[in-house]
Every structure is written in structure tokens, then in C-alpha cells.
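Q: Be aware that the sequence shown starts at 13, since it is given in my numbering, and climbs by one per residue.
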Amino acid sequence: MSRNSKDSPKKPSSFLRLRNYFFTGLVICAPLAITLYLTWTLIGWVDGWVKPYLPDVFNPNNYLPFTVPGVGLLIAFVVITIVGFLTANLIGRSIVGYGEYLLSRMPVVRSIYSALKQIFETVFREDSDSFQAVVLVQYPRKGLWALAFVATDTLGETQAKLDEPAGPTVSVFLPTTPNPTSGFLLFVPKEDVIQLDMSVEEAAKLVISAGLVAPEYVQMQQEAIAKHEAKKKV
13 MSRNSKDSPK KPSSFLRLRN YFFTGLVICA PLAITLYLTW TLIGWVDGWV KPYLPDVFNP
73 NNYLPFTVPG VGLLIAFVVI TIVGFLTANL IGRSIVGYGE YLLSRMPVVR SIYSALKQIF
133 ETVFREDSDS FQAVVLVQYP RKGLWALAFV ATDTLGETQA KLDEPAGPTV SVFLPTTPNP
193 TSGFLLFVPK EDVIQLDMSV EEAAKLVISA GLVAPEYVQM QQEAIAKHEA KKKV
């Protein structure tokens, strides 16, 4: 009897069960709460910018006994879409070109505007992804590996200077954990990078979670095989 009692597994105590329930609920509730908070903050921030310039006739808060959230965000979306529509024609492009010419004459503003415009054009470009692939590079020293995103082949003076000592290189962005919006720009020889099959979104989740959320490799292999078979049929 004593041996059986010793060999039988111990049941978790009430405290351990409560702790497990709490952390399970936290995993469900925390991302949802943070998402709602960030979304609500964004809506309030845009409303705070747009509503003061909105005529009283078009402001629903003047007709209702409560505040309607998201009106400023909706107005901003409509205005931005109209600006994009007007810019698509010849007259709109001429106006934008003249405005950019004026900005290019301002010493400090031209640097800020040109940098921001280039970033937004790269991020929202329709003909290609912002990052081409996910790779592994040795950083900060040999033997240690880090995830990085391939931006493009290295161009210009940088590649010209690196061509003799390093050969063809790629420009990669190495994000930091858990904030992938900051990181390092590295110029790595093509032969020193290991390309992965995971998508940029999956790699971003891996970085944000500090390695806790890894994509299923078997599923990725199956998807890669299916894409390869589909290309063969075409």
C-alpha cells in the first residue's frame, strides 16, 4: 500500500489549479484587451485631430446627446482617398510636384519629407513586398544566429565599396526583440545568409514573442510543395 501511494502521481493543489486558470485566462484576455486599447487610442487620436476642423453642420456630436467615436477617422479616410484620387490625374500631379518643389527649397523640411516619403512609398508599394524574404545571419558574432529581413540587393556606393572585400551583398534589417520596429541595417554577403521558408509575418511574430511563437515547419513545407506543384502545372 505504501509503495502504491508513493508511486501514484500527486494531484495539483488548489493553488496551482487557480494559477493555471489565471494564466490561461491571461493569455486569452491580454492580447484582446491590448488590441482594443490600441484601436480605441488610435480612434481617439484621429478624432482629436480632425473634429476641431469639422464644420458644426457635419459634426454628429451637435445633434446627439452622446459622442460618436470614429467620426474623425472616417472623415480622414474619405479625405485621404479624395486626395489620392485627385493626385492620380495630371492637374493633381502638377500641384503635388509644385508643392514638393517648394518643400525641397526648405533646408530642414526637405530632409524630413524626402525620408518619410521614401519610407511610405516602400511600405505601401503594390508591386512588391516591403521585405523580400526572411533569412538567418550571424550576429553579433560568428556562431550566433539572428533573424533578419531582406530589403533589397545592396546598391550604389555601398555595394561599390564592398564589392572587392565582400562580393555581392544584400541589405537586411535585423529587428530587435520584442519591438521589431527598431533594429539594425546590415550589409551581408549573399553567401553568408541562410534563407528561410517562413513569411515575414510569421518571422515578426517569432521576434515579438521572443521565440515563444514559432510557425509550424511541417505545414510550411506542405505549402511550399503545393506552390511548387502549382507552378509546374502552369
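We treat Cβ as the ideally placed atom computed from N, Cα and C, and that holds for glycine. Since the model is a prediction, treat every value here as computed from it, not as a measurement.
Counting beta carbon pairs with one atom in the stretch 148 to 158 and one in the stretch 184 to 197, are three or more of them shorter than 8 Å?
A: The stretch 184 to 197 is in contact with the stretch 148 to 158.
Q: For M13, which residues of its own chain have a beta-carbon under 8 Å away from its beta-carbon, when the five flanking residues on both sides are left out?
A: As a working note, residue 13 is residue 1 in the sequence shown. Any reading at M13 needs caution, since the residue's pLDDT is 48, under 50, leaving its predicted position unreliable; the model's value is listed next. So no residue of the chain qualifies.
Q: Return helix, strand or coil for T164, following the three-state DSSP convention.
A: The residue you call residue 164 lines up with position 152 of the sequence shown. Looking at T164 - three-state DSSP - the assignment turns out to be strand.
Q: Is V212 closer than 9 Å to F132 when the C-beta atoms are compared?
A: Locating residue 132 in the sequence shown gives position 120, counting from the first residue. Locating residue 212 in the sequence shown gives position 200, counting from the first residue. Cβ atoms of F132 and V212: not closer than 9 Å.
Q: Considering only their Cβ atoms, is the gap separating L128 from L208 smaller than 9 Å?
A: By one-based count along the sequence shown, residue 208 stands at place 196. By one-based count along the sequence shown, residue 128 stands at place 116. No; because the gap between Cβ atoms is not below 9 Å, this pair is not in contact.
Q: Could you have a look at S123 and say whether DSSP puts it in helix, strand or coil?
A: For this step, residue 123 is matched to residue 111 along the sequence shown. Residue state, collapsed to three classes: helix.
Q: Quick one: Cα of V225 to Cα of P190, how far?
A: Position 213 of the sequence shown holds residue 225. Position 178 of the sequence shown holds residue 190. If I take the Cα positions, the gap works out to 12 Å.
Q: Let me know the secondary structure DSSP gives L54 once reduced to three states.
A: Within the sequence shown, the letter at position 42 stands for residue 54. Collapsing the DSSP output to three states places L54 in a helix.
Q: For V149, which of helix, strand or coil comes out of DSSP?
A: Along the sequence shown, one-based indexing puts residue 149 at 137. It is a strand residue.
Q: Taking only the alpha-carbon atoms, compute the straight-line gap between Q144 and T164 and give it to the nearest angstrom.
A: On the sequence shown, position 132 is the one that residue 144 refers to. On the sequence shown, position 152 is the one that residue 164 refers to. Each residue's alpha carbon lies about 7 Å from the other.
Q: Have a look at A216 and P192 and give me their C-alpha separation to the nearest angstrom.
A: Translated into the one-based positions of the sequence shown, residue 216 becomes position 204. Translated into the one-based positions of the sequence shown, residue 192 becomes position 180. Those two C-alpha atoms are separated by around 7 Å.
Q: Report the three-state DSSP secondary structure of Q144 (helix, strand or coil).
A: One-based indexing of the sequence shown puts residue 144 at position 132. Residue state, collapsed to three classes: coil.
Q: Kindly give me the distance between the Cβ atoms of V85 and D59, rounded to whole angstroms, as I take these residues to be in contact under 8 Å.
A: Start at 1 with the first residue of the sequence shown, and residue 85 comes out as number 73. Start at 1 with the first residue of the sequence shown, and residue 59 comes out as number 47. A small fix is needed here, since residue 85 is Leu in this sequence, not Val. Their Cβ separation, rounded to whole angstroms, is 7 Å, which keeps L85 and D59 in contact under 8 Å.
Q: Can you give me the C-alpha to C-alpha distance between E169 and A178, rounded to a whole angstrom?
A: Here residue 169 corresponds to residue number 157 of the sequence shown, with the count starting at 1. Here residue 178 corresponds to residue number 166 of the sequence shown, with the count starting at 1. Looking at the two C-alpha atoms, the distance is approximately 14 Å.
Q: Put P187 into one of helix, strand or coil per three-state DSSP.
A: Looking up residue 187 in the sequence shown gives position 175. Here P187 sits in strand by DSSP.
Q: Helix, strand or coil for F35? Go by DSSP, reduced to three states.
A: Counting from one through the sequence shown, the residue named residue 35 turns up at place 23. Note: F35 maps to helix in three-state DSSP.
Q: Within the same chain, show all residues whose beta-carbon is closer than 6 Å to that of G104, passing over the 5 residues directly before and after it, in chain order.
A: As a working mapping, residue 104 is identified with position 92 in the sequence shown. If the five residues before and after G104 are omitted, its C-beta is found closer than 6 Å to the C-beta atoms of L98, all from its own chain and listed in chain order.
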